[in-house]
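Enquirer: Letter 106 of the sequence shown, counting from 1, is numbered 131 in our numbering, and no numbers are missing.
The beta carbon of each residue, even a glycine, is placed where N, CA and C say it ideally should be.
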Amino acid sequence: MGFGGYLLIMIIGALISGAAALWVRSSYARWSKQPSSSGLTGAEVARMILDRNGLTHVRVEPVPGTLTDHYDPRAKAVRLSEGNFRGSSVAAVSVAAHECGHAIQDASGYVPMRLRAGIFPLVMFSSQVWPMAFLLGIIGLGQFWIQLAVVMFLAVLLFHVVTLPVEIDASRRAYGILGRYGVLSAVETGGSRRVLTAAAFTYIAAALTAVLMFLYLLMASRE
């Protein structure tokens, strides 16, 4: 198994993640050129969704970069990349609705989101510890270190697994809201689905890579 196996898993993971990123950028590029029929910007759509769901206290803010959109549960802020904040394309309003989906999850106490937030500090610690423990094991300091890496990586794996329902549910909410609020037409909602499905695949790719790494570490710990 050794270091060669580790490199193989890293290469496979990079290829999967690269394919997912390419799909996202391709879908986003296509639908960012398609104006939404409502003419509303991502910021306007986000504000409307939040207000209609009683989340008037949640801010909508621009953030530098491309596809840097996220919801910050600590600051209670939906942060949209500048293009999506000011843009009125199908892609822009889809991303805005998705991030508002996370704000709604937060407000409703959505269990997978709370679980993800709860284990995040442990994940940050484990992410730093497990590679060092694994390295100590493969250079010959004993199986204990590889076994410790397995235990530490479990937190990382759990984080990726729990992230899947969080992201899929946020996209599901976005689909319904955009059509129900009249932001997108039926045809445009199909484009929105393609954009958000591609984005969801990046999380599936990350979870798959984490599963492969865990299986590799588990086999290495038994040698």
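With a threshold of 16 other CB atoms inside 10 Å of the CB of Met177, please say whether the residue is buried or exposed.
Expert: By the neighbour-count rule (16 or more Cβ atoms within 10 Å), Met177 is buried.
Enquirer: Got a sec? Which residues, its chain only, sit under 6 Å from Leu242 by beta carbon, not counting five neighbours each side?
Expert: Excluding sequence neighbours, Leu242 sits near Ala174, Val175, Phe178.
Enquirer: By DSSP, does Val103 sit in helix, in strand, or in coil?
Expert: If DSSP states are grouped into helix, strand and coil, Val103 belongs with the strands.
Enquirer: Just tell me which of Leu47, Ile171, Tyr135 has its CA closest to the CA of Pro190.
Expert: That would be Tyr135, whose Cα lies nearest to the Cα of Pro190.
Enquirer: List, from N- to C-terminal side, the alpha helix (DSSP H) runs of 4 residues or more that fit wholly inside the stretch 47-107.
Expert: Counting whole runs of 4 or more residues, the stretch 47-107 contains the alpha helix (DSSP H) stretches 67-77.
Enquirer: Determine, using beta-carbon pairs with one atom in the stretch 137-148 and one in the stretch 229-247, whether at least three such pairs fall under 8 Å.
Expert: Short answer: they don't touch.
Enquirer: Are the stretch 31-39 and the stretch 193-208 in contact at 8 Å, needing three or more beta carbon pairs?
Expert: Judged by Cβ distances under 8 Å, the stretch 31-39 makes no contact with the stretch 193-208, as fewer than three pairs qualify.
Enquirer: State the beta-bridge partners of Ser196 as determined by DSSP.
Expert: Answer is none; Ser196 lacks a bridge partner.
Enquirer: In the structure shown, what three-state DSSP assignment does Ser210 receive?
Expert: Correct three-state label for Ser210: coil.
Enquirer: Quick one: any contact between the stretch 125-133 and the stretch 145-155, if contact means 3 or more CB pairs under 8 Å?
Expert: Taking 8 Å as the limit for Cβ pairs, the verdict is that the stretch 145-155 does not touch the stretch 125-133.
Enquirer: Using the C-alpha atoms, what's the distance from Met35 back to Gln130?
Expert: Whole-angstrom Cα-Cα distance: 33 Å.
Enquirer: For the 8 Å Cβ check, are there 3 or more pairs between the stretch 104-120 and the stretch 155-174?
Expert: No: the two stretches stay apart, fewer than three of their Cβ pairs being nearer than 8 Å.
Enquirer: What residues in its chain sit with their C-beta under 7 Å from that of Ile193, if we drop five residues either side in the sequence?
Expert: These residues qualify, in order along the chain: Ala225.
Enquirer: So if DSSP puts Ser114 in a beta bridge, which residue, or which two residues, is it bridged to?
Expert: Ser114 pairs with Pro60.
Enquirer: Taking the beta carbon of Gly29 as the centre, do at least 16 other beta carbons fall within 10 Å, making it buried, or is it exposed?
Expert: The residue is exposed, with fewer than 16 neighbouring Cβ atoms inside 10 Å.
Enquirer: Could you give the first and the last residue of the continuous alpha helix (DSSP H) run that contains Ile144?
Expert: Segment 136-161, the alpha helix (DSSP H) holding Ile144.
Enquirer: Quick one: any contact between the stretch 56-65 and the stretch 86-94, if contact means 3 or more CB pairs under 8 Å?
Expert: As far as the Cβ criterion goes, the stretch 56-65 does not touch the stretch 86-94, which means the pair count is below three.
Enquirer: Between His185 and Tyr53, what straight-line distance do the alpha-carbon atoms span, to the nearest angstrom?
Expert: Looking at the two C-alpha atoms, the distance is approximately 23 Å.
Enquirer: On a CA-only basis, which of Met244, Leu240, Arg219 is nearest Ala45? Give me that one, please.
Expert: Comparing Cα-Cα distances from Ala45 to each of Met244, Leu240, Arg219, the minimum goes to Arg219.
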